[in-house]
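> Residue numbers (my numbering): 3 to 499.
Just so you know, even glycine gets a beta-carbon here, dropped at the ideal spot from N, CA and C.
1. Have a look at residue 308 and residue 272 and give me their C-alpha separation to the nearest angstrom.
2. State the Cα-Cα distance for the pair residue 299 and residue 25, rounded to the nearest angstrom.
3. Does the separation of the CB atoms of residue 411 and residue 437 fall below 8 Å?
4. In the DSSP assignment, find the beta strand (DSSP E) that holds residue 368 and state where it starts and stops.
5. Using 8 Å as the cut-off, can you tell me whether the stretch 360-371 makes contact with the stretch 305-323, which would need three or more C-beta pairs spanning the two stretches below that distance?
6. Have a look at residue 206 and residue 113 and give me their C-alpha separation to the nearest angstrom.
7. Beta carbon of residue 171, beta carbon of residue 320: below 8 Å?
8. Mapping the DSSP letters down to three states, classify residue 287 as helix, strand or coil.
9. Would you kindly check if the distance between the Cβ of residue 151 and the Cβ of residue 45 is under 8 Å?
10. Who are the Cβ neighbours of residue 241 in its own chain at under 6 Å, not counting the five residues just before and after it?
11. Using 8 Å for Cβ pairs, my map puts residue 281 next to residue 184. What's the rounded Cβ distance?
12. Hey, quick one: how far does the alpha helix (DSSP H) through residue 12 stretch, first residue to last?
13. How far does the beta strand (DSSP E) with residue 471 in it reach, from first residue to last?
14. Reducing DSSP to helix, strand and coil, say where residue 448 ends up.
15. Tell me where the alpha helix (DSSP H) around residue 275 begins and ends.
16. Assess, as a yes-or-no matter, whether the stretch 453-466 is touched by the stretch 414-424 under the definition of 3 or more beta carbon pairs within less than 8 Å.
17. Given this structure, state the Cα-to-Cα distance separating residue 194 from residue 397, to the nearest angstrom.
18. In three-state terms, what does DSSP make of residue 394?
19. What's the C-alpha gap between residue 267 and residue 210?
20. For the beta strand (DSSP E) containing residue 26, list its first residue and its last residue.
21. Please determine if the stretch 78-87 and the stretch 26-37 are in contact, where contact requires at least 3 C-beta pairs separated by less than 8 Å.
22. DSSP beta-bridge partners for residue 404?
23. Looking at the unbroken alpha helix (DSSP H) that takes in residue 332, where does it start and where does it end?
24. Check whether chain B comes within 8 Å of residue 38, counting only Cβ atoms and requiring the distance to be less than that.
25. Spatial neighbours of residue 214 within its chain, please: C-beta separation below 8 Å, excluding the five flanking residues on both sides.
26. Between which two residues does the alpha helix (DSSP H) carrying residue 220 extend?
27. Do residue 470 and residue 403 have their CB atoms nearer than 8 Å?
28. Report the rounded CA-to-CA distance for residue 477 versus residue 332, giving the unit in angstroms.
29. With a threshold of 6 Å on Cβ separation, who are the neighbours of residue 106 within its own chain once the five nearest residues in sequence on each side are excluded?
30. If you count every other CB in all the chains shown that lies within 10 Å of the CB of residue 117, and 16 or more means buried, which is it?
31. If distances are taken between C-alpha atoms only, which option among 225, 250, 353 and 473 comes closest to residue 236?
32. What span of residues does the alpha helix (DSSP H) with residue 135 cover, start to end?
33. Thinking just about the alpha-carbon of each residue, which of 144, 5, 490 and 41 is nearest to the one in residue 12?
34. Which of the three DSSP states, helix, strand or coil, is assigned to residue 209?
35. Going straight from the alpha carbon of residue 401 to that of residue 99, what length do you get?
36. Decide if residue 4 is buried, meaning its Cβ has at least 16 other Cβ atoms within 10 Å, or exposed.
Next up, the structure:
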């Protein structure tokens with residue numbers, strides 16, 4: 003993935019003409035220095051561009067329209083250097099449809115006690131200029147992120163960097179397309195949902211295709227192209243050929259499927275896709291290796307037709323771009339309920355992204371036992387022990403809800419020689435019983451986006467940009483507090499709707 007190179011975040015400063023040209027000159031210079039300093043931080047993933055000092059309603063509204071119409075602009079940073087009468091901002095804020103953050107900082111870190119005079123006070127009025135701006139944004143019920151602190155502090159830079167990544171994921175979703183090969187897994191509820199409402203709310207569309215559409219692409223892949231890619235694959239992974247006497251045949255079929263699927267997704271400019279083992283007509287095996295490798299290249303994925311998770315995984319991969327760790331589609335598969343050591347084994351039939359691998363994955367071929375097709379190739383690996391998150395988006399009928407759980411990945415207690423799939427073992431926070439009960443009460447799905455690259459703060463920023471409900475299950479979660487929050491949220495969304 004290389005999504006950030008063409009993106010920009012625009013920085014504007016609020017002021018007014020009351021202070022005179024000399025003060026406005028200082029305001030502009032200070033703003034430019036702040037932007038330069040932000041861009042020098044490795045916590046800021048996308049270039050910030052200083053655009054203007056805004057001092058009147060017409061210029062503010064004009065700026066909003068410029069930001070809206072610029073495809074490179076993923077979001078806006080607003081800063082009130084001086085007092086900026088907020089009625090000036092009404093038309094511009096009404097027009098602005100890009101995500102924005104209110105950076106409540108000031109140019110100087112400390113008060114110059116022995117030198118401070120009224121000229122300094124007039125120029126450096128963020129303390130009450132930000133409150134004036136904040137009132138108007140709240141009065142207009144505009145969604146925004148508020149970050150408070152000195153602009154050079156690591157905490158402020160980290161918070162701003164997280165928000166920028168969330169804004170990039172939101173920008174990426176606008177007009178994105180998810181390809182749904184086949185339909186939903188029959189009779190499954192949580193993977194379904196309102197695709198029209200999802201496009202209205204999140205900006206992406208879900209497009210259904212018969213398996214024949216994909217098979218046509220697969221059949222067009224030449225044996226020469228397949229052989230060339232097979233050689234690369236054999237050099238990249240550890241090979242265990244004795245797992246199946248049809249190893250080479252199965253690997254060739256898997257790579258042909260991958261190349262065909264990749265061509266289909268590229269030609270249609272898709273950013274995510276789904277498959278289902280109940281609809282594989284024309285394919286020799288379930289696309290397992292193909293899905294793992296496509297996810298590693300940044301595609302979102304959801305199994306059994308789960309388009310919401312495919313779009314969520316894509317968003318998480320955009321947020322995680324360039325960060326250490328992996329991000330993948332995941333399923334909460336089975337429990338280890340030993341006293342004082344309860345944990346979850348996460349996996350899927352085949353489709354867990356190789357970015358989670360602890361070391362080089364092993365490439366093997368085994369029977370699947372479901373779907374009635376040939377033995378599929380797949381990558382097998384464990385996942386490194388470190389913190390992670392699981393996230394799910396569900397459709398409750400009147401709204402979408404994101405459920406997030408902080409987890410701690412552990413090494414398996416013992417080797418898993420008879421489980422030939424990629425897998426993750428984790429302990430959910432605050433503990434398995436509380437976390438699972440909270441997840442179920444919240445309606446969280448069995449499919450999730452799983453990441454060791456980003457934490458819950460990224461997901462919360464994304465949910466707030468999208469304007470959807472979120473529930474965060476973490477170290478401080480109790481069931482009584484969660485039930486209270488669920489009841490209050492239900493009242494809120496009924497009143498809002």
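Walking through what the data contain:
1. Taking the first residue of the chain shown as position 1, residue 308 is located at position 306. Taking the first residue of the chain shown as position 1, residue 272 is located at position 270. If you take the alpha carbons of residue 308 and residue 272, they lie about 15 Å apart.
2. Position 297 of the chain shown, counted from the first residue, corresponds to residue 299. Position 23 of the chain shown, counted from the first residue, corresponds to residue 25. C-alpha separation (whole angstroms): 49 Å.
3. Residue 411 sits at position 409 when you count from the first residue of the chain shown. Residue 437 sits at position 435 when you count from the first residue of the chain shown. Cβ atoms of residue 411 and residue 437: not closer than 8 Å.
4. Your numbering for residue 368 matches position 366 in the chain shown. Per DSSP, residue 368 belongs to no beta strand (DSSP E) and is neither H nor E.
5. no
6. The residue you call residue 206 lines up with position 204 of the chain shown. The residue you call residue 113 lines up with position 111 of the chain shown. Each residue's alpha carbon lies about 48 Å from the other.
7. In the chain shown, counting from the first residue as 1, residue 171 sits at position 169. In the chain shown, counting from the first residue as 1, residue 320 sits at position 318. Contact: yes.
8. Sequence index remark: in the chain shown, residue 287 carries index 285 (1-based). Three-state result, residue 287: coil.
9. For the purposes of this step, residue 45 is identified with residue 43 of the chain shown, where counting begins at 1. For the purposes of this step, residue 151 is identified with residue 149 of the chain shown, where counting begins at 1. It is not a contact, given that the beta carbons lie outside the stated cut-off.
10. For the purposes of this step, residue 241 is identified with residue 239 of the chain shown, where counting begins at 1. Contacts found: 365.
11. As a first step, residue 281 is located in the chain shown; it is residue number 279 there, counting from the start. As a first step, residue 184 is located in the chain shown; it is residue number 182 there, counting from the start. So it is a contact: roughly 3 Å between Cβ atoms.
12. Here residue 12 is taken as the residue at index 10 of the chain shown, counted from 1. It is not in any alpha helix (DSSP H) - residue 12 instead sits in the beta strand (DSSP E) that spans 10-16.
13. Looking up residue 471 in the chain shown gives position 469. Unbroken beta strand (DSSP E) run through residue 471: 471-475.
14. Residue numbering aside, residue 448 sits at position 446 when the chain shown is read from its first letter. In the structure shown, residue 448 sits in coil (DSSP, three-state: anything other than H, G, I, E or B).
15. Here residue 275 is taken as the residue at index 273 of the chain shown, counted from 1. Per DSSP, residue 275 belongs to no alpha helix (DSSP H); it is in the beta strand (DSSP E), 274-277.
16. no
17. Within the chain shown, numbered from 1, the residue matching residue 194 stands at position 192. Within the chain shown, numbered from 1, the residue matching residue 397 stands at position 395. Each residue's Cα considered, the two are about 8 Å apart.
18. By one-based count along the chain shown, residue 394 stands at place 392. Strand at residue 394.
19. Locating residue 267 in the chain shown gives position 265, counting from the first residue. Locating residue 210 in the chain shown gives position 208, counting from the first residue. When rounded, the distance between both Cα atoms is 13 Å.
20. In the chain shown, residue 26 corresponds to position 24, counting from 1. First-last for residue 26: 23-41, but that is the alpha helix (DSSP H), not the beta strand (DSSP E).
21. yes
22. Against the chain shown, residue 404 aligns to sequence position 402. DSSP output for residue 404 lists 395 and 472 as bridge partner(s).
23. Taking the first residue of the chain shown as 1, we reach residue 332 at position 330. From DSSP, residue 332 is part of no alpha helix (DSSP H) but of the beta strand (DSSP E) over 329-338.
24. Going by chain labels, chain B is absent from the structure shown, which holds only one protein chain.
25. The residue labelled residue 214 in the question sits at position 212 within the chain shown. Counting only Cβ-Cβ distances below 8 Å, and skipping sequence neighbours, we find 283 and 284.
26. The residue you call residue 220 lines up with position 218 of the chain shown. Segment 213-221, the alpha helix (DSSP H) holding residue 220.
27. Walking along the chain shown from the start, residue 470 turns up at place 468. Walking along the chain shown from the start, residue 403 turns up at place 401. Contact flag set, yes.
28. Numbered from 1 along the chain shown, position 475 holds the residue referred to as residue 477. Numbered from 1 along the chain shown, position 330 holds the residue referred to as residue 332. Their backbone Cα atoms lie some 21 Å apart in a straight line.
29. Translated into the one-based positions of the chain shown, residue 106 becomes position 104. Excluding positions up to five away in sequence, the list reads 132 and 150.
30. Numbered from its first residue, the chain shown carries residue 117 at position 115. Classification for residue 117: exposed.
31. Here residue 236 refers to the residue found at position 234 of the chain shown. Among 225, 250, 353 and 473, the Cα nearest to that of residue 236 is on 250.
32. Walking along the chain shown from the start, residue 135 turns up at place 133. That run of the alpha helix (DSSP H) goes 128-141.
33. The residue given as residue 12 occupies position 10 in the chain shown. Ranking the options by Cα distance to residue 12, first place goes to 41.
34. As a first step, residue 209 must be located in the chain shown, where it is residue number 207. Strand, per DSSP.
35. By 1-based counting over the chain shown, the position of residue 401 is 399. By 1-based counting over the chain shown, the position of residue 99 is 97. Using only the alpha carbons, I get a separation of about 20 Å.
36. If you number the chain shown from 1, residue 4 lands on position 2. Under this definition residue 4 is an exposed residue.
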